[in-house]
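Here is the structure we will look at, set down as structure tokens.
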Amino acid sequence: MDMNFTEEQQMMQKMVRDFAQKEITGEIERMETEDRFPKEIIQKMGELGLMGIPIPEEYGGSGMDFVSYISAIHELSKVSATVGVILSVHTSVGSNPILYFGNENQKKHYLPKLASGEYLGAFALTEPSAGSDAGNLKTKAKKDGDTYILNGSKVFITNGGEADTYITFARTGEGSKGISAFIIEKNTPGLIIGKKEKKMGLHGSNTVALTFDNCVISKEQLLGEEGDGFKIAMANLNVGRIGIAAQALGIGEAALEHAVGYAKEREQFGKPIAVNQGISFKLADMATSVEAAKLLVYQAAALVQRGIPCGKEASMAKMYASKTAVQTAIEAVQVYGGYGYTEDYPAERFFRDAKITEIYEGANEIQHIVIAKNLLKN
Ligand code: CAA
Numbered sequence: 002m003d004m005n006f007t008e009e010q011q012m013m014q015k016m017v018r019d020f021a022q023k024e025i026t027g028e029i030e031r032m033e034t035e036d037r038f039p040k041e042i043i044q045k046m047g048e049l050g051l052m053g054i055p056i057p058e059e060y061g062g063s064g065m066d067f068v069s070y071i072s073a074i075h076e077l078s079k080v081s082a083t084v085g086v087i088l089s090v091h092t093s094v095g096s097n098p099i100l101y102f103g104n105e106n107q108k109k110h111y112l113p114k115l116a117s118g119e120y121l122g123a124f125a126l127t128e129p130s131a132g133s134d135a136g137n138l139k140t141k142a143k144k145d146g147d148t149y150i151l152n153g154s155k156v157f158i159t160n161g162g163e164a165d166t167y168i169t170f171a172r173t174g175e176g177s178k179g180i181s182a183f184i185i186e187k188n189t190p191g192l193i194i195g196k197k198e199k200k201m202g203l204h205g206s207n208t209v210a211l212t213f214d215n216c217v218i219s220k221e222q223l224l225g226e227e228g229d230g231f232k233i234a235m236a237n238l239n240v241g242r243i244g245i246a247a248q249a250l251g252i253g254e255a256a257l258e259h260a261v262g263y264a265k266e267r268e269q270f271g272k273p274i275a276v277n278q279g280i281s282f283k284l285a286d287m288a289t290s291v292e293a294a295k296l297l298v299y300q301a302a303a304l305v306q307r308g309i310p311c312g313k314e315a316s317m318a319k320m321y322a323s324k325t326a327v328q329t330a331i332e333a334v335q336v337y338g339g340y341g342y343t344e345d346y347p348a349e350r351f352f353r354d355a356k357i358t359e360i361y362e363g364a365n366e367i368q369h370i371v372i373a374k375n376l377l378k379n
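If you use my numbering, the sequence shown corresponds to residues 2 to 379, in order.
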């Protein structure tokens, strides 16, 4: 599909595609078998300006448009969904909240470090009893003079054990308007990095629990005003979901490309399996869904770029692209047959990596709620 990219966007797409092939492909096995966070890759991405693509140049970023950012996640995720999610979380929900809601001091202090990759960002919203029901979180931030004291726990924090800053949500009052957002730095006394999850997929991506045990921070670390937290979380998730949609698109496209390649090569009954309609129709369905997902993802990204509210379109893109990633990966395993069920071929990795895209940054059941609310509100 011709995305009508500008010359600059095409250059970004090609640069990331080449980078992923050259620098990431060879590291996949190590990420898979050792579940090792790809520090060196992230460092190189920082050097190339990929850790701050949409951050303005005045704050040390690349100052590029949102479509370029989304195409970078898409291209990275075709090779490694792990690297794709590290970048998406770091940028969409780890850095952008500071860009959009931070004061000038916070922007000047944190954004250049995040944009260069010196700092890695994380987003601490989810709690053991507040996942989909994010507005019901329990972590408390008690004001005490010029400080806040945080107590509570968070789970499933992507980048959590490797991050330098955590956009953290805690309760300063009642209800969803009683949630505030804070920028918390690693090594703050009372911030304890907990158990690293052993996940089905996305090996190499670091997911941990966090505990705040009388964690004292300065009031300067408050992001926005007291009580703005839920609004900040929702606003950044609205846009962040397009990043996860791009990650899912990358996985789906990779599954399709591998399945097509294998179907043309693999011979049974004296001919390539691709000549059987049982296989070729499957590939046709997979390709159609991937193409439709691509349109939704880049449509949502273009709306962000034009400053048009797009919560509904972002949720549609995330819901459709993640379903497509899962279905396409399942069908890719089927095309590979018994080999697809082994670790010798990438189809099983695509399936394991795809599943989480239907769950995080708002489970698809939540995307239905967001889409339906938007449809019915006027
Ligand atoms: N955009 C903007 N504002 C929104 C919003 C949205 N998508 N959803 C709700 N709001 C606003 C409402 O307008 C309302 O504001 P007012 O009171 O001023 O009218 C306020 O927030 C409360 O709204 P609701 O009563 O509708 O909120 P709710 O408690 O029913 O929850 C929800 C709504 C959509 C279910 C929300 O809780 C939600 O999105 N849940 C999913 C949480 C999530 O996505 N977590 C992801 C964790 S991060 C992650 O996964 C990163 C990773 O690792 C990859």
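C-beta: ideal position from N, C-alpha, C; glycine also.
Can you grab the Cα-Cα spacing for the pair residue i / residue j, in whole Å?
i    : j    : result
L223 : E175 : 17 Å
Y299 : T325 : 15 Å
R242 : G363 : 8 Å
P113 : G53  : 8 Å
L49  : G153 : 37 Å
S133 : N207 : 21 Å
Q107 : E58  : 16 Å
M235 : Q44  : 29 Å
K79  : E292 : 14 Å
L126 : I193 : 15 Å
G47  : E119 : 7 Å
A333 : L250 : 14 Å
L304 : P310 : 7 Å
K272 : A288 : 22 Å
G122 : K374 : 30 Å
F20  : M4   : 21 Å
Find out if the Cβ-Cβ distance for the pair residue i, residue j is shorter than 9 Å.
i    : j    : result
H204 : T83  : yes
Q306 : D66  : yes
A294 : S281 : no
F170 : F183 : yes
Q173 : K141 : Residue identity differs from the one stated: residue 173 is Thr in this sequence, not Gln. Result yes, Cβ atoms of T173 and K141 sit closer than 9 Å.
G202 : F6   : no
I180 : T166 : no
V261 : L238 : no
I252 : A315 : no
L51  : V17  : yes
K220 : T148 : yes
F231 : G136 : yes
T358 : E349 : no
K139 : E128 : yes
I74  : S63  : no
Q10  : V86  : no
Q14  : S96  : no
E308 : T92  : Position check: residue 308 holds Gly in this sequence, whereas Glu was assumed. It is not a contact, given that the beta carbons lie outside the stated cut-off.
K155 : G161 : yes
L151 : V217 : yes
L88  : L100 : no
I25  : P98  : no
For residue i, collect the residues of the same chain with a Cβ closer than 8 Å to its Cβ; drop the 5 residues on either side in sequence, then sort them by chain order.
i    : result
M317 : L297, A301, Q368, I372
A131 : N137, L138, K139
D286 : E332
From the DSSP output, in three-state form, read off residue i for me.
i    : result
L49  : coil
D354 : helix
E128 : strand
P273 : strand
S1   : Any answer about residue 1 is impossible in this case: the structure gives the chain only from 2 up to 379.
A119 : The sequence given here places Glu at residue 119; Ala does not occur at that position. Coil.
R37  : coil
T92  : helix
F6   : coil
D145 : strand
A164 : coil
R307 : coil
T212 : strand
T169 : strand
I194 : strand
K155 : strand
L77  : helix
E175 : coil
Take residue i and list the residues in its own chain whose beta-carbon comes closer than 7 Å to its own, dropping the five residues that flank it on each side.
i    : result
I29  : S81
Q328 : S290
K187 : A164, D165
G61  : G53, L112, P113, A116, S117
Y346 : Y337, Y340
K199 : none
G225 : F102, A182, I233
N215 : I150, N152, G191
Leaving out five residues before and five after residue i in sequence, what residues of the same chain have Cβ atoms less than 6 Å from its Cβ?
i    : result
A246 : V298, A318, K319, A322
V94  : F124, N237, G241
I274 : A264, R267, I280
A256 : T329, A330, A333, F351
Fill in: Unbroken stretches of the beta strand (DSSP E), 3 residues or longer, contained in the segment 326-378
none
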